[in-house]
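Quick note: the sequence shown uses my numbering, first residue 7, plus one each step. A virtual CB, placed ideally from N, CA and C, is assigned to each residue, including glycine. Here the structure is a predicted model, which is why all the values come from computation and not from measurement.
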Amino acid sequence: MSQNNVQFVPSEDLVGGDVLGLDLSQPLEESTATALKRFFYERSVICIRDQTLQPEDQLRVARLFGEPDVHFKTQYSHPEHQQVMLISNIIEDGRHIGYADAGRVWHSDGSYMQTPVAVTLLYALEVPIEDGVALGDTHFASAWAAFDDLPAETKRWAASHEAIHEVGGRRRAIATGEQHDRDQDDEHPDAVHPLVRVHPETGRRYIFVNEGECTHVVGLDDSLALPRLQQLARAVYQPQYQFTHRWREGDLLLWDNCAVQHLASFDYEWPRHRRHMHRITVPEVA
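Printed below as a string of structure tokens:
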């Protein structure tokens with residue numbers, strides 16, 4: 007397929023867009039790769055539809071942004087490609103074949119790591135369907151637009167404080183995954199990050215507070231800190247900043263964790279519905 011006819015179509019929302027006419031099973035021409043990255047950083051969330059990809063193909067796209075990492079829950083790694091994480095609600099021999107409990111609260115991927123995730127690539131192999139309607143939407147919210155609209159005093163306060171991020175964080179209270187997953191969460195070290203960070207590519211400042219992993223403010227009593235964290239987190243999730251992706255099989259969705267947070271819909275259930283995806287994450291440059 008020629009790469010001369012690729013179309014970049016922005017959504018009508020603050021973030022989001024589709025890339026049409028691109029076959030990612032083939033290496034990208036340099037000009038196409040440059041245009042794809044530019045569109046990605048402009049739109050924060052992009053979908054390349056109708057793909058038929060092997061893990062090697064998805065990894066090749068991921069490497070446009072850096073070297074993919076290996077998630078610490080290695081029991082869900084692809085058997086031949088450790089950097090590919092299986093996301094699935096499918097149960098075989100009494101166990102999930104992939105991680106089934108991700109995304110139940112608003113978050114950005116890997117905020118609990120010393121070097122957080124920059125880019126996530128999620129490829130849909132099986133999408134749950136009910137009465138012809140796709141289930142399991144993924145919702146996004148713009149953290150940079152939310153920061154831009156904060157009152158000046160809130161911006162000053164947030165820019166001068168740091169927060170502790172714990173893997174699992176507050177979502178431990180609602181987690182429904184396997185006990186081994188929760189034990190792994192408890193063993194993972196915490197990370198400290200500014201409440202406001204600067205995007206390494208666009209220079210935009212964005213809120214780096216989420217209700218999933220952000221648990222404390224450094225140097226502040228929780229009675230003072232938690233209302234502030236909640237205020238910042240909920241500033242991001244306002245409807246005017248949101249975009250929803252409705253999945254189709256063959257979608258490759260990329261999102262910028264330095265620009266948006268996301269939330270998964272859990273409106274499907276095993277064994278009535280099957281969901282199976284391949285996830286790759288690329289960390290920020292340390």
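Using the beta-carbon count (16 or more within 10 Å), is residue i buried or exposed?
i           : result
residue 60  : exposed
residue 93  : buried
residue 97  : exposed
residue 12  : buried
residue 178 : Note that residue 178 scores a pLDDT of 49, beneath 50, so its modelled location is shaky and nothing firm can be said.
residue 291 : exposed
residue 230 : exposed
residue 166 : exposed
residue 235 : buried
residue 254 : exposed
residue 244 : exposed
residue 74  : buried
residue 175 : buried
Could you tell me the alpha carbon to alpha carbon distance between residue i and residue j, rounded to whole angstroms?
i           : j           : result
residue 265 : residue 257 : 21 Å
residue 180 : residue 107 : Note that residue 180 scores a pLDDT of 41, beneath 50, so its modelled location is shaky; the value from the coordinates is reported in the next line. Near 10 Å, if we compare the C-alpha coordinates of residue 107 and residue 180.
residue 89  : residue 284 : 10 Å
residue 286 : residue 214 : 21 Å
residue 157 : residue 241 : 11 Å
residue 31  : residue 161 : 44 Å
residue 54  : residue 101 : 31 Å
residue 289 : residue 135 : 32 Å
residue 131 : residue 62  : 15 Å
residue 78  : residue 67  : 22 Å
residue 109 : residue 148 : 16 Å
residue 203 : residue 210 : 8 Å
residue 250 : residue 129 : 16 Å
residue 153 : residue 15  : 25 Å
Ordered along the chain, which non-local residues of its own chain (more than five positions away) have a Cβ less than 8 Å from that of residue i?
i           : result
residue 207 : 47 and 264
residue 199 : 117, 122, 168, 169, 171 and 214
Verify whether the separation of the beta carbon atoms of residue i and residue j is less than 9 Å.
i           : j           : result
residue 34  : residue 70  : yes
residue 22  : residue 44  : no
residue 127 : residue 259 : yes
residue 217 : residue 113 : yes
residue 38  : residue 9   : yes
residue 269 : residue 151 : no
residue 51  : residue 146 : yes
residue 197 : residue 120 : yes
Leaving aside the five residues before and after residue i along the sequence, list all residues of the same chain whose C-beta is less than 7 Å from its C-beta, in chain order.
i           : result
residue 238 : 164, 201, 213 and 215
residue 228 : 222
residue 115 : 123, 126, 263 and 287
residue 182 : In this prediction, residue 182 scores a pLDDT of 46, lower than 50, which makes its location untrustworthy; the coordinate-derived value is nonetheless stated afterwards. So the qualifying residues of the chain are 107.
residue 246 : none
Give every residue of the same chain whose Cβ lies closer than 6 Å to the Cβ of residue i, excluding the five residues on either side of it in the sequence, and list them in chain order.
i           : result
residue 104 : 82, 92, 93 and 94
residue 72  : 288
Could you tell me whether the segment 277-290 touches the segment 132-143, where touching means 3 or more Cβ pairs closer than 8 Å?
yes
Below 8 Å, how does it come out for the segment 219-226 and the segment 266-273: are there three or more Cβ pairs, yes or no?
no
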